[in-house]
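Encoded as structure tokens, the structure appears first; notes follow it.
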Amino acid sequence: MPLELVTVLKQRKFILNVGGKKYTTSIETLTRETDTFFTALFSGRSQLAIDPNDNNIFIDRNGQIFTHILEWLCTTNYFRLQGLLEILMNECFPDGTLLQSQHKKILNQFYHEISQRWKLIYKGSRDGFHADAFHSRCNNKGATITIIQSNQNYIFGGYTCVS
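For the sequence shown, counting from 1, position 122 maps to 122 in full-length UniProt numbering; every step adds exactly one.
Structure (structure tokens):
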């Protein structure tokens, strides 16, 4: 790693020159999300363009657009991208308790609709564990997916396109 890079990385804050517009920021802010342009840039896999006159890091991108990117990175303390995805996924599956986020993602992939909104029409612990309770709520509803949790906590299910 070049000496200039080591010096810049050790600094708490530094100046980033994006398309001629200068921003004061930190490595911590720019690398909050993984697998991004900045995590690659500061990992040493890419060569940083450092101005020898002022030690600013130059990035040849649109400086006005970067304002919005940096603002988003600065405000992601509470809503990191992964957390935001989980919040959105829970919005697609209201009232559900059996499925974890990864299960919900798989169902939406299976259904070929990333933002599919699901409606919980029967819940055994709420509506009763009898066949008549199930059929009174689920018959004539169109295509349905049934998710079941066994006594051993296995989760399985089925799909029907028939009402």
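We put the CB at the ideal spot given by N, CA and C, even for glycine.
The structure presented is a predicted model; accordingly, all values stated were derived computationally and were not measured.
Inset, instruction - Specify, as a first and last residue, the run of the alpha helix (DSSP H) that Leu16 falls within. - result: For Leu16, there is no enclosing alpha helix (DSSP H); the enclosing beta strand (DSSP E) has its first and last residue at Phe14 to Val18.
Legend entry - Nearest neighbour of Thr31, chosen from Lys104, Phe42 and Asp60 [CA to CA]: Looking at Lys104, Phe42 and Asp60, the one whose alpha-carbon comes closest to that of Thr31 is Phe42.
Inset, instruction - Return the chain-ordered list of same chain residues with a C-beta closer than 6 Å to the C-beta of Phe66, the five sequence neighbours on each side being excluded. - result: In the same chain as Phe66, and ignoring 5 residues on each side of it, the C-beta atoms closer than 6 Å to its own belong to Val18, in chain order.
Inset, instruction - Take Gly158 as the anchor and find which of Ile145, His135, Phe58 and Gln109 has the nearest alpha-carbon. - result: The candidate whose alpha carbon is nearest that of Gly158 is Ile145.
Legend entry - Rounded straight-line distance, which links the Cα of Phe156 to that of Leu107: Using only the alpha carbons, I get a separation of about 12 Å.
Inset, instruction - Rounded to whole angstroms, what's the CA-CA distance from Arg12 to Gln100? Just pull it up for me. - result: Distance between Arg12 and Gln100, taken at the CA atoms: about 38 Å.
Inset, instruction - Count the other CB atoms, across all protein chains shown, that sit within 10 Å of the CB of Tyr154; report buried if there are 16 or more and exposed otherwise. - result: Per the 10 Å Cβ criterion, exposed.
Inset, instruction - Use the C-beta contact count for Ile121: other C-beta atoms within 10 angstroms, 16 or more gives buried, fewer gives exposed. - result: Ile121 should be labelled exposed.
Inset, instruction - Give me the Cα-Cα distance between Phe37 and Asp60, rounded to the nearest whole angstrom. - result: Spanning the two alpha carbons is a distance of roughly 12 Å.
Legend entry - Cα-Cα separation between Lys104 and Gly20, rounded to whole angstroms: Distance from the CA of Lys104 to the CA of Gly20, rounded to the nearest whole angstrom, comes to 44 Å.
Inset, instruction - Return yes when at least one heavy atom of the ligand NAP lies under 7 Å from the C-beta of Leu120, else no. - result: In the structure shown, the ligand NAP is absent, as is every other ligand, since no ligand is present at all.
Inset, instruction - Identify, in the order they occur along the chain, each residue of the same chain with its Cβ nearer than 8 Å to the Cβ of Asp127, setting aside the five sequence neighbours on each side. - result: Within the same chain, and ignoring the five residues on either side of Asp127 in sequence, the residues whose Cβ sits closer than 8 Å to its Cβ are Ala133, Phe134 and Arg137.
Inset, instruction - Could you check which residue in Glu113, Leu70, Tyr23 and Gln149 has the C-alpha nearest to that of Phe129? - result: Per the Cα distances, Gln149.
Inset, instruction - Following the continuous alpha helix (DSSP H) through Ile69, name the residue where it begins and the one where it ends. - result: That run of the alpha helix (DSSP H) goes Gly63 to Cys74.
Inset, instruction - Could you tell me whether the Cβ of Gly157 comes closer than 8 Å to any Cβ of chain C? - result: Although the question refers to chain C, the structure presented lacks it and comprises just one protein chain.
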